[in-house]
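Residues in the sequence shown are numbered consecutively from 7, following our numbering.
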Amino acid sequence: MYAASPMKKSKFRLEPKRLVQIHDLMVKSRVLEERLIRMYKQSDGYFWIGGPGEESFNVPLGLQVLKGQGVEYDYLHLHYRSSAILTAMGMDPIGPIRQMKSVALDPFSGGRNFGNHYSIHDWNVVPVTSTIETQYASAIGTAIAQKRHGGKGISIVNGGDAGTAEGEFASCLIWASRPKQELPILIIVTNNQFGISTPAATQHGEHKIIDRAKAFNIKAASINGNDTEESWFAIKEAMEYVRKERKPFMIEARVSRLYGHSSATGANYISGEVDCLVDFEKELEDGAVLTRKQMEKTREQYSDQMLAMWQQVRQEPLPEPSTIYDHIYYGQKGRYW
Ligand SMILES: Cc1ncc(C[n+]2csc(CCOP(=O)(O)OP(=O)(O)O)c2C)c(N)n1
Ligand SMILES: [Mg+2]
Numbered sequence: 007m008y009a010a011s012p013m014k015k016s017k018f019r020l021e022p023k024r025l026v027q028i029h030d031l032m033v034k035s036r037v038l039e040e041r042l043i044r045m046y047k048q049s050d051g052y053f054w055i056g057g058p059g060e061e062s063f064n065v066p067l068g069l070q071v072l073k074g075q076g077v078e079y080d081y082l083h084l085h086y087r088s089s090a091i092l093t094a095m096g097m098d099p100i101g102p103i104r105q106m107k108s109v110a111l112d113p114f115s116g117g118r119n120f121g122n123h124y125s126i127h128d129w130n131v132v133p134v135t136s137t138i139e140t141q142y143a144s145a146i147g148t149a150i151a152q153k154r155h156g157g158k159g160i161s162i163v164n165g166g167d168a169g170t171a172e173g174e175f176a177s178c179l180i181w182a183s184r185p186k187q188e189l190p191i192l193i194i195v196t197n198n199q200f201g202i203s204t205p206a207a208t209q210h211g212e213h214k215i216i217d218r219a220k221a222f223n224i225k226a227a228s229i230n231g232n233d234t235e236e237s238w239f240a241i242k243e244a245m246e247y248v249r250k251e252r253k254p255f256m257i258e259a260r261v262s263r264l265y266g267h268s269s270a271t272g273a274n275y276i277s278g279e280v281d282c283l284v285d286f287e288k289e290l291e292d293g294a295v296l297t298r299k300q301m302e303k304t305r306e307q308y309s310d311q312m313l314a315m316w317q318q319v320r321q322e323p324l325p326e327p328s329t330i331y332d333h334i335y336y337g338q339k340g341r342y343w
């Protein structure tokens, strides 16, 4: 699939096969988000929020997750910009398309929740909440269970820069770092410099978000999340530390927010920000890992695939009113009228 030209020397540290896989998943994830945005604009969804601009960080993260069910495996406490993590883990894109259309077959919430609010029991993906930062509190719980259990499984939590103002973020730092009771949590903050329309520079006394980790003796790294390889190796190192030492690690990843906050701010492409996919494709082309034609073909294939999925989902039924009480509590069958 990839053409390694002897004429050009690649500066990449990752193998071409891995680079091609990452590229494929980044495109798949971007095309999915673009489809969801289009659905919103065509009145096939009530609201869009998602993660275009975080693929360079999120795909390497998803590929390195220890995927499975139960304490032996990683728990994921994610937020609404995490689609590329799940795409890298193998999520079928029809799931988010179904959730966007609020059809009964939505695998995450049966047509109840906002788009990009995932919940995957078999992969330890804890339901995404609309209230920001709730996930930093639930991560403490699974990490305590994993600390007691031992093994390699860790709890991974992510959220945005503005959300770090919430009490749950402070709780997470405190619980993760209690002496001799440290927790195996990978604490991630994706810093896109904004909380809806509030610039980070007007809100943070600290220079970097990870400065707050220092106060709790939590090891940390601030990285360029728009750089695919930098992200891959930073995540690898952090995960190895948390898995082995059973202690927390914080990563602050500087990323872009390519379509603004959500549909509430228009969901239009913002050309002034770094587009990690554009940059990565240029590097792949310059390094003779992939040709422009090959990359265009990948995009075309996913565009066709997701167009067909959308057309299928448009024909699917909405949830039956009689199921309104289903899924309220885990395992509950529901109260019917
Ligand atoms: C508890 C709570 N307060 C406020 C909001 C409204 N709200 C939704 S997203 C958001 C900004 C979040 O910014 P950040 O944490 O930087 O994440 P980003 O959206 O930039 O990725 C806010 C304030 C909310 N959803 N929940
Ligand atoms: Mg932000």
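Heads up, the beta-carbon is just placed ideally off N, CA and C, and yes, glycines get one too.
In this structure, DSSP gives methionine 97 a state outside helix and strand, which the three-state scheme calls coil. Inter-residue distance for tyrosine 86 and arginine 298 is about 31 Å (C-alpha atoms, whole angstroms). Here tyrosine 81 is buried, its C-beta having at least 16 other C-beta atoms within 10 Å.
Within 7 Å of the C-beta of alanine 270 there is not a single heavy atom belonging to ligand 2. Every residue with a CB closer than 6 Å to a heavy atom of ligand 2 is listed here in chain order: Gly166, Asp167, Ala168, Asn198, Phe200, Gly201. Relative to ligand 1, the beta carbon of histidine 267 is positioned inside 7 Å of a heavy atom. One Cα belongs to leucine 42, the other to isoleucine 103, and the distance between them is close to 7 Å. Counting along the chain, the unbroken beta strand (DSSP E) around valine 195 starts and ends at 191-197.
In the assembly as shown, histidine 333 is a buried residue. Its beta-carbon has 16 or more other beta-carbons within 10 Å. The DSSP-derived three-state label of phenylalanine 239 is helix.
Between leucine 72 and glycine 159, the CB-CB gap stays under 8 Å. Distance between glutamine 27 and glutamate 289, taken at the CA atoms: about 15 Å.
The beta carbons of alanine 244 and isoleucine 224 sit about 11 Å from each other, so the pair does not count as a contact at 8 Å. In this structure, the CA atom of serine 237 is about 13 Å from the CA atom of glycine 59. Residue burial is scored here from C-beta neighbours: isoleucine 146 has at least 16 other C-beta atoms within 10 angstroms and is therefore classed as buried. In the three-state reduction of the DSSP assignment, glycine 166 falls in the strand class.
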